[in-house]
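Here the structure is laid out as structure tokens; the discussion comes afterwards.
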Amino acid sequence: MCILPFSIRRCIHLFYAAYALPPFYSAARTGYVPYSRGEDGVLKLIEKSIQGERNDELFYDTLIRMAPNEQEKEIIARIRDDERKHRRMFRSIYTQLTGRPAPEQPDMPEALPTQYTEGIAKALLGELAAFEKYRMIYLTIDPRFRDWMFEIMTDEIKHAGYYNYLYTTNK
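Put into structure tokens, the structure is as follows:
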């Protein structure tokens with residue numbers, strides 16, 4: 001019989017120590033807090049996201065009117081339609097978490113672009129900022145909604161890619 005120099009418990013400890021998350025994923029650094037139903041931070045982020053998706057929709061309607069050709073209008077229209085879908089999803093998540101509908105908020109459109117490429121650049125940066133916000137929601141939301149958040153997050157990255165394409169073709 002072979003006797004190992006370490007106990008099984010020690011081997012398991014060494015295994016987990018070797019494959020643990022690197023220190024830059026620590027809770028203090030990422031802000032990760034396990035979800036709880038009373039988590040006001042998640043609900044506030046969802047409320048802001050509902051309004052942000054509506055603002056994006058209005059902004060993208062302007063870009064559609066400014067687009068130089070049909071192909072670019074179709075790309076932006078698909079992105080705008082995704083933003084509408086995201087808004088519906090966030091409203092549904094809010095209702096399921098709280099048992100009440102999301103508060104109605106008046107439209108507060110951002111400053112509309114005066115030039116097409118300026119608007120595309122702003123949209124690109126906005127999509128990337130939204131991804132960052134949604135990642136924080138993803139990390140703190142009830143796990144039942146993580147697939148929904150993953151879909152929204154991947155859409156935002158896809159949108160950033162499209163806006164990058166539109167920006168480079170029009171610059």
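Residues 1 to 171 in the working numbering are what the sequence shown spells out, letter by letter.
Just so it is clear, CB atoms sit at the ideal spot from N, CA and C, and this is done for glycine as well.
Predicted model, so just to flag it, every value in this text is computed and none were measured.
Spatially closest choice to R87 from E132, E156, P68, by CA coordinates: Residue E156 is the option with its Cα nearest to R87.
Given E83 as reference, the closest of L63, I120, G52, T168 once Cα atoms are compared: The shortest CA-to-CA distance from E83 to any of L63, I120, G52, T168 is the one to G52.
CB-CB length for A123 against Y163, believed under 8 angstroms: The beta-carbon separation of A123 and Y163, rounded to 5 angstroms, stays under the 8 angstroms limit for a contact.
Sequence ranges, alpha helix (DSSP H) only - wholly within the region 104-170, length at least 4: As far as the region 104-170 is concerned, its whole alpha helix (DSSP H) runs of at least 4 residues are 116-140, 146-170.
Cβ-Cβ separation, N55 to E110 (assumed contact under 8 angstroms), whole Å: That belief holds up - the Cβ atoms of E110 and N55 are roughly 6 angstroms apart, short of 8 angstroms.
Y134 vs I152 beta-carbon contact at 9 angstroms: Their beta carbons are under 9 angstroms apart, which means Y134 touches I152 by this criterion.
Backbone CA spacing between Y167 and Q96 [nearest angstrom]: One Cα belongs to Y167, the other to Q96, and the distance between them is close to 38 angstroms.
Cβ-based burial, R144 [other Cβ within 10 Å; buried from 16]: Exposed, because fewer than 16 other Cβ atoms sit within 10 Å of the Cβ of R144.
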